[in-house]
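Student: In the numbering used here, the protein residues as written are 522 to 698.
For every residue, glycine included, the Cβ atom is placed at its ideal position computed from N, Cα and C.
Just passing along the structure, written as structure tokens.
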Amino acid sequence: AVLTNMKKLLREKQLDPAKTVFISGIGCSSRFPHYMNTYGFHGLHGRAFPVAEGVKFRRPDLNAFVVTGDGDTVSIGAGAWLHAIRYNMNMTVLLLNNEIYGLTKKQTSPTSRIGTVSNTTPEGSILPPISPIQTTLGVTNASFVAQTADWNPVHMYETIKAGFEHKGFSFIHVIQR
């Protein structure tokens, strides 16, 4: 659903593939750049934001999209995520949140709900989840924060479009099943 809506946005906005880049880290979400006919960078776990900031610093003319997951951003990349919000560079961020480390075969992530049974928490997770929306809103310079869900493609498209049209750091939390 996210890929379909992103391709729709690129088509409707007539974004030049030579002026568009998708950047990701590691995780369930992060093969995204491979499916786009644009520039792409599939980087290290938790390092999508520093790469995207470097791209925007050197090439502010590019349409930059960061596609990341709950493990990639809310865990190892949390520090980079918070500072990216502060810097408020013009990029659109999609945090795809399935509340689990799916790539490593079902381990709890920082967004897993209390009681989540997984390979790492066979008795159920005991830690409260981190809320990507609350965390983003708690950082100075948060200028566009939105939430959508993969089962509502119309709402998702309008949210991604509004985020792209916003000048500054656009954070979109995509709840996934």
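Quick check on the DSSP output: what are the complete alpha helix (DSSP H) runs of length 4 or more inside the segment 555-594, in order along the chain?
Tutor: 569-579, all fully within the segment 555-594.
Student: Span of the beta strand (DSSP E) holding His687?
Tutor: Taken as a continuous stretch (DSSP letters only), His687 belongs to no beta strand (DSSP E), as it is neither H nor E.
Student: Counting Cβ pairs, one atom from each stretch, are 3 or more of them under 8 Å apart for the segment 587-607 and the segment 555-571?
Tutor: In short, these stretches touch, since the Cβ pair count reaches three.
Student: When you compare each of Ala585, Phe692, Arg552, Ala539 to Gly659 by their alpha carbons, which one comes out closest?
Tutor: Gly659 has its Cα closest to that of Phe692, out of Ala585, Phe692, Arg552, Ala539.
Student: How would you label Lys534, buried or exposed, when you count the other beta carbons within 10 angstroms and need 16 or more for buried?
Tutor: The residue is exposed, with fewer than 16 neighbouring Cβ atoms inside 10 Å.
Student: What are the boundary residues of the beta strand (DSSP E) that Met527 is part of?
Tutor: From DSSP, Met527 is part of no beta strand (DSSP E) but of the alpha helix (DSSP H) over 523-533.
Student: Quick one: grab the DSSP three-state call for Ile651.
Tutor: Coil.
Student: What did DSSP end up calling Met612 once you bin it into helix, strand or coil?
Tutor: In the structure shown, Met612 sits in a strand (DSSP, three-state: E or B).
Student: Which stretch, first to last residue, makes up the beta strand (DSSP E) that contains Ile597?
Tutor: Where Ile597 is concerned, there is no enclosing beta strand (DSSP E), given that its DSSP letter is neither H nor E.
Student: Please confirm whether Ser646 and Arg634 have their CB atoms less than 8 Å apart.
Tutor: Yes, Cβ-Cβ distance for Ser646 and Arg634 is below 8 Å.
Student: Given a threshold of 16 other Cβ atoms within 10 Å of its Cβ, counted over all protein chains shown, does Thr657 qualify as buried or as exposed?
Tutor: The residue is buried, with at least 16 neighbouring Cβ atoms inside 10 Å.
Student: Over what stretch of residues does the beta strand (DSSP E) that includes Val497 continue unbroken?
Tutor: Absent from the model: residue 497. The displayed extent of the chain is 522 to 698, so no value can be given.
Student: At a cut of 8 Å, does the segment 573-592 reach the segment 605-616 through at least three beta carbon pairs?
Tutor: Result yes; three or more Cβ-Cβ pairs closer than 8 Å.
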